[in-house]
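Trainee:
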Amino acid sequence: MKAKSDKKNTKKYNICVVGAGHVGLVAAACFAKLGHAVSCVDSDLRRIKALKNNKMPFYEPDLECLVKKGVKEKNLSFLTSLVEGVRKAQVIFIAVGTPPQKDGSADLSSVENVAQVIAGNLNSYKLIISKSTVPVQTGKKIKETISRYKKSSQNFEVASNPEFLREGKAIYDFFYPDRIVIGVESSTAEHILRDIYSKVDAPIIVTDVNTAELIKHASNSFLATKISFINAVSRICDLAGADISKITQAMGMDKRIGRDFLNAGIGYGGFCFPKDLEAFSYISKKLGYDFDLLKEVKNINEGQRKNFVEKVKERLWIIKNKKIAVLGLAFKPDTDDMRFAPSVDIINFFLKEGAHLTLYDPQAKPEAVKLFSAKGGSASGGKAGRLKFSKGPYEAIKGSDCLCLLTEWGEFKKLNLEKVKRIMRYPLIADGRNFFDKNKVCSLGFEYIGMGMQSDGQSSNTKK
Ligand code: UDX
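FYI, this note's numbering numbers position 156 of the sequence shown as 206, with every residue one higher than the one before it.
1. From the DSSP output, in three-state form, read off F81 for me.
2. Taking 8 Å as the cut-off, does the CB of T385 come closer than this to any heavy atom belonging to the ligand ATP?
3. When DSSP labels each residue in this structure, what does S89 get in the three-state scheme?
4. With distances taken between CB atoms, is the gap from A480 to F381 smaller than 9 Å?
5. Enumerate in chain order the residues of its own chain whose CB-to-CB distance from F311 is below 7 Å, with the five nearest sequence positions on each side excluded.
6. Within 10 Å of its beta-carbon, does I65 have 16 or more other beta-carbons around it, so buried, or fewer, so exposed?
7. Look at D411 and D395 and say whether their C-beta atoms are less than 9 Å apart.
8. For the 8 Å Cβ check, are there 3 or more pairs between the stretch 195-205 and the stretch 220-233?
9. Buried or exposed for G482, please, with buried defined as at least 16 other CB atoms from any protein chain shown within 10 angstroms of its CB.
10. Would you kindly work out how many angstroms separate the C-alpha atoms of A314 and I286, rounded to a whole number?
11. Got a sec: does the ligand UDX put a non-hydrogen atom nearer than 8 Å to the Cβ of R216?
12. Tell me which residue opens and which closes the beta strand (DSSP E) that E207 is part of.
13. Quick check: what's the CA-CA separation for T257 versus V184?
14. Determine whether the beta carbon atoms of G156 and K325 lie at a separation below 9 Å.
15. Is it the case that the CB of F531 approaches a heavy atom of the ligand UDX more closely than 8 Å?
16. Is the distance from the Cβ of F143 to the Cβ of V68 below 9 Å?
17. With I316 as the anchor, note down where its beta strand (DSSP E) starts and where it stops.
18. Just tell me which of L401, Q299, E352 has its CA closest to the CA of V376.
19. I'd like to confirm the pairing. Which residues does DSSP put opposite S180 in its beta bridges?
20. I'd like to know whether the C-beta atoms of A329 and P212 end up nearer to each other than 9 Å.
21. Could you give the distance in angstroms between the alpha-carbon of A78 and the alpha-carbon of S89?
22. Measuring CA to CA, which of I473, L478, M501 is closest to C492?
23. Report the residue from K152, N103, H72, L129 whose alpha carbon sits nearest the alpha carbon of D94.
24. For E213, verify whether its CB is less than 8 Å away from any heavy atom of the ligand UDX.
Next comes the structure, spelled out in structure tokens:
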């Protein structure tokens with residue numbers, strides 16, 4: 051962690067982080083590491099019990115170590131009582147879930163509930179900061195709720211400090227952010243937040259609360275747009291016979307564009323982009339602006355999954371009874387998160403068509419098992435027999451007619467491709483992330499399907 055040399059003796063704040071999900075737990079552990087006294091509250095008794103026994107509720111590199119250290123140094127504790135957490139804190143970060151509803155709007159009932167509990171337990175001045183991604187004007191609603199229900203004359207303030215952390219890189223993102231955004235209503239709130247982050251060396255953008263909330267939605271939506279844009283270009287590459295990897299290389303060298311988030315493939319997933327895009331679209335409309343661009347971003351993203359399966363179908367002809375090996379299930383590498391993962395739709399499609407699937411992921415197997423065997427889930431009711439999990443990649447690949455690479459885990463780079471070719475029934479690689487070196491796999495005699503990868507190597511295979 052980069053510490054600012056001139057600010058070593060930061061004030062220690064009593065912080066309560068409400069919500070022990072990805073955002074909340076990471077923030078709580080990191081605030082503890084910064085030297086604050088943090089209690090992390092969650093209403094899920096089992097989750098808190100597990101955390102007290104050093105069991106993490108999800109996979110995030112380095113998190114377990116940080117949590118253990120925080121607890122050992124007595125800077126971090128876990129509670130189920132929100133009342134207790136609120137009463138002893140000066141600063142409260144709200145990091146509860148804001149799941150999507152059917153109409154695309156964010157369900158803010160958990161946020162309201164926290165606001166109500168704070169209102170009933172305002173025993174001293176408190177700064178209440180929203181860290182969850184929330185629609186613009188949520189801070190205003192939190193303030194109204196607390197003002198309406200508060201039982202004491204104590205002062206409070208509301209602020210916004212959106213979190214930009216990526217799953218799998220969350221700890222790094224916390225300590226080395228590109229920027230810290232704080233939306234505040236007073237210099238007192240600004241001072242407290244600056245103090246809390248004083249050991250993190252990053253530019254701080256100070257705004258009003260509405261603007262800070264919008265920055266988060268605009269950032270995530272822009273990144274999703276960038277991905278969908280390049281995916282649309284990859285479709286044209288397929289149609290015109292051009293190479294998306296060279297296009298992104300050249301585009302990315304233009305500093306105004308940048309190379310990040312220009313990887314074409316089966317599209318984005320995870321709990322943030324799909325949910326935030328919907329919520330941003332919904333709130334824009336509610337405010338009086340139809341943000342149609344975002345609808346197209348979503349359409350292109352969903353189209354990529356269909357595009358991928360169509361490509362496989364075109365090569366395999368009949369999917370029924372074909373054996374398909376799926377490598378990578380999580381929505382991206384270094385996480386076990388399967389929420390809105392493109393793999394789910396793709397697997398469901400192959401199952402529906404009667405394929406036999408063997409799945410492998412270095413971390414996401416437990417989540418995938420839950421998902422596919424849940425009552426009413428895709429693998430229940432007759433389809434379950436055609437869905438297997440393997441302990442390693444080669445076991446999944448053995449005897450398969452097609453290897454589908456859906457998540458670009460680093461360990462797949464180490465695959466012995468000669469062995470892969472030997473053990474497959476038919477050497478077809480469908481690379482949903484343009485992860486393999488197309489020339490290399492084609493020279494080994496594989497048939498290769500990429501996403502916007504010019505002629506997809508079919509010709510080189512034909513020559514073999
Ligand atoms: C995202 C934001 O990056 C983060 O700032 C915010 O706080 C939460 O949402 P996360 O969902 O963890 O983080 O994943 P991210 O690394 O941003 O990737 C999102 C999805 O986009 C993944 O499914 C990934 O595979 C996909 N992606 C990313 C692409 O398809 N192409 C790319 O070039 C980059």
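For each residue, glycine too, the CB sits at the ideal point set by N, CA and C.
Mentor: A quick look at the data gives this:
1. Translated into the one-based positions of the sequence shown, residue 81 becomes position 31. If DSSP states are grouped into helix, strand and coil, F81 belongs with the helices.
2. The ligand ATP is not part of the structure shown, which contains the ligand UDX as its ligands.
3. Taking the sequence shown and counting its residues from 1, one reaches residue 89 at position 39. Note: S89 maps to strand in three-state DSSP.
4. One-based indexing of the sequence shown puts residue 480 at position 430. One-based indexing of the sequence shown puts residue 381 at position 331. For the pair A480 and F381, the CB atoms are not nearer than the 9 Å cut-off.
5. If you number the sequence shown from 1, residue 311 lands on position 261. Within the same chain, F311 has close Cβ partners L273, K276, I277.
6. Numbered from 1 along the sequence shown, position 15 holds the residue referred to as residue 65. Here I65 is buried. Its C-beta has 16 or more other C-beta atoms within 10 Å.
7. Position 361 of the sequence shown, counting from 1, holds the residue named residue 411. Position 345 of the sequence shown, counting from 1, holds the residue named residue 395. Against a cut-off of 9 Å, the Cβ pair of D395 and D411 comes out as no contact.
8. In the pairwise beta carbon analysis, the stretch 195-205 is classified as not touching the stretch 220-233: fewer than three pairs are separated by under 8 Å.
9. Counted from its first residue, the sequence shown places residue 482 at position 432. G482 comes out buried.
10. Against the sequence shown, residue 314 aligns to sequence position 264. Against the sequence shown, residue 286 aligns to sequence position 236. Going from the Cα of A314 to the Cα of I286 covers about 12 Å.
11. Taking the sequence shown and counting its residues from 1, one reaches residue 216 at position 166. At least one heavy atom of the ligand UDX is nearer than 8 Å to the Cβ of R216, so yes.
12. Counting from one through the sequence shown, the residue named residue 207 turns up at place 157. In the DSSP assignment, E207 falls within the unbroken beta strand (DSSP E) covering 206-210.
13. The count along the sequence shown starts at 1 and reaches residue 257 at position 207. The count along the sequence shown starts at 1 and reaches residue 184 at position 134. Take the alpha-carbon of T257 and the one of V184: they are about 16 Å apart.
14. For this step, residue 156 is matched to residue 106 along the sequence shown. For this step, residue 325 is matched to residue 275 along the sequence shown. The question names Gly, yet the displayed sequence has Ala at residue 156. Against a cut-off of 9 Å, the Cβ pair of K325 and A156 comes out as a contact.
15. No statement about residue 531 is possible, as the shown extent of the chain runs from 51 to 514 and does not include it.
16. What you label residue 143 is simply residue 93 of the sequence shown in a count that begins at 1. What you label residue 68 is simply residue 18 of the sequence shown in a count that begins at 1. The answer is yes: Cβ separation under 9 Å.
17. Within the sequence shown, numbered from 1, the residue matching residue 316 stands at position 266. In the DSSP assignment, I316 falls outside any beta strand (DSSP E) and carries neither an H nor an E.
18. On the sequence shown, position 326 is the one that residue 376 refers to. Nearest C-alpha to V376: L401.
19. Taking the first residue of the sequence shown as position 1, residue 180 is located at position 130. DSSP, once it has assigned bridges, lists I144, S210 as partnering S180.
20. For the purposes of this step, residue 329 is taken as residue 279 along the sequence shown, with counting starting at 1. For the purposes of this step, residue 212 is taken as residue 162 along the sequence shown, with counting starting at 1. Result no, Cβ atoms of A329 and P212 do not sit closer than 9 Å.
21. In the sequence shown, the residue the question calls residue 78 occupies position 28. In the sequence shown, the residue the question calls residue 89 occupies position 39. Answer to the nearest angstrom: the Cα atoms are 7 Å apart.
22. Position 442 of the sequence shown, counted from the first residue, corresponds to residue 492. Taking the Cα of C492 as reference, the smallest distance to any Cα among I473, L478, M501 is reached at L478.
23. Counting from 1 along the sequence shown, the entry for residue 94 is found at position 44. Looking only at K152, N103, H72, L129, the smallest Cα-Cα distance to D94 is reached by L129.
24. As a first step, residue 213 is located in the sequence shown; it is residue number 163 there, counting from the start. Yes, the Cβ of E213 comes within 8 Å of a heavy atom of the ligand UDX.
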